[in-house]
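Student: One structure is given below, represented as structure tokens, and several questions about it will come after.
2 protein chains.
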Amino acid sequence: MPNTYVSAAEAMIRKEGGRATDSRVRILALLLAEDQAITHREIETRMSGQQLDRVTLYRVLQWLADRGLIHKISSDDHVWRFHVNHAAYAHQHAHFKCTNCAKVVCLEDLASGRQSERLLTLPAGYRFQAIELTIKGLCAKCV
Amino acid sequence: MPNTYVSAAEAMIRKEGGRATDSRVRILALLLAEDQAITHREIETRMSGQQLDRVTLYRVLQWLADRGLIHKISSDDHVWRFHVNHAAYAHQHAHFKCTNCAKVVCLEDLASGRQSERLLTLPAGYRFQAIELTIKGLCAKCV
DNA sequence: ATGATATCGCAACACAGTTGCATTGATTGT
DNA sequence: ACAATCAATGCAACTGTGTTGCGATATCAT
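Heads up: the sequence lines are chains C and A, in that order. Count along the first sequence starting at 1, add 488, and that's the number in our numbering. Count along the second sequence starting at 1, add 488, and that's the number in our numbering.
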């Protein structure tokens, strides 16, 4: 884990007014270094060797997500995946999931909220709040 | 459960070449009578009183989904919901989920596959297969 | 009616995620 | 630098969804 990720992680956590504990810093640094969205299980595996309780990992991930440092991605395999909130993904954005290797990546921000809202009509009396868009297909490795 | 749903369910099952067992017929009839997508748990509750094992329900739902009589809807609460495949929903279609009461309904078929595909660009080498679109908001009751 | 076998029911399991509580440790004030 | 505070951790136990193996049962073709 390059030192830049660790110090960046610590700075982000302190900026939120939270305690910069080992767990938080290491987990966020790991996510900063990762370009794709990864699961709780995958993080746990990468962390093995270092002391880290399952529950703590759940709580740290929730804490980071609550403060908008990362975001949770729902998927059809019913496992949450986590990804850092880079500037490009600050707004609503779509996700891509490979149907072969289950890799999940964030797609660039698309002004799809408004556009897609117009593509379809909600039943009378329904109110629009947000849109969730997942593209399924094959990633470059699995094509 | 009106008789028409039961006989319709039985006909659909036989058409697929499967055995028209009590469980299959009753479950499919229940889904035919339901306008919104419901969970395994909700079906189990509605079936209580009648002999029906949890595992059988899971297997029947999978069997119906495999043959395209119903479809499974993934959601951010990580619970599958099931809905009959009416003609209007035969193609790719979006879903609506109420953020208050968790009600899920299928939205009309929208030619969003091609349109949305054009809205965003996949990374180089990626292949498009399908799109999943969920609108979140408030249903008429929860507005 | 009967036999072949698809389907069911039960038990046990796998895995994601949560809660309560005692312990630990990061920060703050002195 | 050190103690006090209380946020955060680790552990144990739990919940809920979904799966697997296998013997028992029920459907359908004959």
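Heads up, the beta-carbon is just placed ideally off N, CA and C, and yes, glycines get one too. Remember, predicted model here, so these are calculated numbers, not experimental data.
Please name the residue in C:LYS591, C:THR622, C:HIS571 and C:ALA612 whose C-alpha comes closest to that of LYS629 (chain C).
Tutor: In the first sequence, the residue the question calls residue 629 (chain C) occupies position 141. Residue C:LYS591 is the option with its Cα nearest to LYS629 (chain C).
Student: Counting along the chain, where does the beta strand (DSSP E) carrying LYS585 (chain C) start and finish?
Tutor: Locating residue 585 (chain C) in the first sequence gives position 97, where the first residue counts as 1. LYS585 (chain C) -> beta strand (DSSP E) spans 581 to 586.
Student: Residue range of the beta strand (DSSP E) that ARG615 (chain C) falls in?
Tutor: In the first sequence, counting from the first residue as 1, residue 615 (chain C) sits at position 127. Unbroken beta strand (DSSP E) run through ARG615 (chain C): 615 to 626.
Student: Is HIS571 (chain C) closer than 7 Å to CYS594 (chain C) when the C-beta atoms are compared?
Tutor: Here residue 594 (chain C) is taken as the residue at index 106 of the first sequence, counted from 1. Here residue 571 (chain C) is taken as the residue at index 83 of the first sequence, counted from 1. Against a cut-off of 7 Å, the Cβ pair of HIS571 (chain C) and CYS594 (chain C) comes out as a contact.
Student: For the stretch 558 to 567 of chain C against the stretch 535 to 545 of chain C, are there 3 or more C-beta pairs whose distance is under 8 Å?
Tutor: Taking 8 Å as the limit for Cβ pairs, the verdict is that the stretch 535 to 545 of chain C does not touch the stretch 558 to 567 of chain C.
Student: Taking the alpha carbon of ALA612 (chain A) as the point to measure from, which residue in C:PHE584, C:ARG615 and C:THR509 has its own alpha carbon closest?
Tutor: Stepping through the second sequence from its first residue, residue 612 (chain A) is reached at position 124. Cα-wise, what sits closest to ALA612 (chain A) is C:PHE584.
Student: Look up LYS560 (chain C) in the DSSP assignment and say whether it is helix, strand or coil.
Tutor: Position 72 of the first sequence, counted from the first residue, corresponds to residue 560 (chain C). Three-state DSSP puts LYS560 (chain C) in a strand.
Student: I need the boundaries of the beta strand (DSSP E) containing ARG542 (chain C), first residue and last residue.
Tutor: Indexing the first sequence from 1 puts residue 542 (chain C) at position 54. It is not in any beta strand (DSSP E) - ARG542 (chain C) instead sits in the alpha helix (DSSP H) that spans 542 to 554.
Student: Does any C-beta atom of chain A lie closer than 7 Å to the C-beta of GLN580 (chain C)?
Tutor: Here residue 580 (chain C) corresponds to residue number 92 of the first sequence, with the count starting at 1. Taking Cβ atoms only, chain A never reaches closer than 7 Å to GLN580 (chain C), which makes this a no.
Student: Could you list which residues in chain C have their beta carbon closer than 9 Å to that of PRO611 (chain A), in chain order?
Tutor: For the purposes of this step, residue 611 (chain A) is taken as the residue at position 123 of the second sequence. Result: PHE584, VAL593, LEU595, CYS627 and ALA628.
Student: Taking DSSP as the reference, what is the three-state secondary structure of GLY601 (chain A)?
Tutor: To locate residue 601 (chain A), count along the second sequence from 1; it is residue 113. Reliability of the predicted coordinates at GLY601 (chain A) is poor, the pLDDT of 46 falling under 50, and no value is obtained from them.
Student: I want to verify the contact list: residues of chain C whose CB lies under 8 Å from the CB of ARG615 (chain A), in sequence order.
Tutor: Looking up residue 615 (chain A) in the second sequence gives position 127. Correct list: GLY625, LEU626 and VAL631.
Student: Can you check whether the C-beta of SER562 (chain C) is within less than 7 Å of a C-beta belonging to chain A?
Tutor: The sequence position of residue 562 (chain C) within the first sequence is 74, counting from 1. Yes, because at least one Cβ of chain A sits closer than 7 Å to the Cβ of SER562 (chain C).
Student: If you draw a straight line from the alpha carbon of GLY625 (chain A) to that of ALA582 (chain A), how long is it in whole angstroms?
Tutor: Taking the second sequence and counting its residues from 1, one reaches residue 625 (chain A) at position 137. Taking the second sequence and counting its residues from 1, one reaches residue 582 (chain A) at position 94. Roughly 13 Å separates the two Cα atoms.
Student: Does chain A have any CB closer than 7 Å to the CB of GLU530 (chain C)?
Tutor: The residue you call residue 530 (chain C) lines up with position 42 of the first sequence. Chain A, which has no Cβ nearer than 7 Å to the Cβ of GLU530 (chain C), makes this no.
Student: Could you compute how far the alpha carbon of ILE558 (chain C) sits from the alpha carbon of ALA497 (chain A)?
Tutor: To locate residue 558 (chain C), count along the first sequence from 1; it is residue 70. To locate residue 497 (chain A), count along the second sequence from 1; it is residue 9. Those two C-alpha atoms are separated by around 46 Å.
Student: At the 7 Å Cβ level, is GLU620 (chain C) part of the contact set with chain A, yes or no?
Tutor: Position 132 of the first sequence, counting from 1, holds the residue named residue 620 (chain C). Yes, because at least one Cβ of chain A sits closer than 7 Å to the Cβ of GLU620 (chain C).
Student: Please classify ALA618 (chain C) as buried or exposed, where buried requires at least 16 other C-beta atoms within 10 Å of its C-beta.
Tutor: Sequence index remark: in the first sequence, residue 618 (chain C) carries index 130 (1-based). Exposed, because fewer than 16 other Cβ atoms sit within 10 Å of the Cβ of ALA618 (chain C).
Student: List the residues that DSSP assigns as beta-bridge partners of THR527 (chain A).
Tutor: Position 39 of the second sequence, counted from the start, is the residue given in the question as residue 527 (chain A). Per DSSP, A:ARG569.
Student: Would ARG502 (chain A) and ALA508 (chain A) qualify as a contact pair, given that the criterion is a beta-carbon distance under 7 Å?
Tutor: Translated into positions along the second sequence, residue 502 (chain A) becomes position 14. Translated into positions along the second sequence, residue 508 (chain A) becomes position 20. For ARG502 (chain A) and ALA508 (chain A), yes; Cβs fall inside 7 Å.
Student: On the criterion of 16 or more Cβ atoms from any shown chain inside 10 Å, does THR622 (chain A) qualify as buried, or is it exposed?
Tutor: Residue 622 (chain A) sits at position 134 when you count from the first residue of the second sequence. With 16 or more Cβ atoms within 10 Å of its Cβ, THR622 (chain A) is classed as buried.
Student: Do VAL548 (chain A) and ARG443 (chain A) come within 7 Å of each other at the CB atom, strictly closer than that value?
Tutor: A query on residue 443 (chain A) cannot be resolved here, the shown segment of chain A reaching from 489 to 631 and no further.
Student: Out of A:CYS589, A:GLY556 and A:ASN588, state which residue places its alpha-carbon closest to the alpha-carbon of GLN580 (chain A).
Tutor: Within the second sequence, numbered from 1, the residue matching residue 580 (chain A) stands at position 92. Cα-wise, what sits closest to GLN580 (chain A) is A:GLY556.
Student: Alpha carbon to alpha carbon, what distance is there between HIS528 (chain C) and GLU620 (chain C)?
Tutor: Within the first sequence, residue 620 (chain C) is the residue found at index 132, counting from 1. Within the first sequence, residue 528 (chain C) is the residue found at index 40, counting from 1. Computed Cα separation, rounded: 21 Å.
Student: Cβ of LEU608 (chain C) less than 7 Å from any chain A Cβ?
Tutor: As a working mapping, residue 608 (chain C) is identified with position 120 in the first sequence. Yes, contact with chain A.
Student: Strictly below 7 Å CB to CB, what residues from chain C border THR587 (chain A)?
Tutor: Counting from 1 along the second sequence, the entry for residue 587 (chain A) is found at position 99. In chain order: GLN617.
Student: Using a Cβ cut-off of 9 Å, which residues of the stretch 542 to 567 of chain A contact any Cβ in chain C, in chain order?
Tutor: Here the close residues are LYS560, SER562, SER563, ASP564, ASP565, HIS566 and VAL567.
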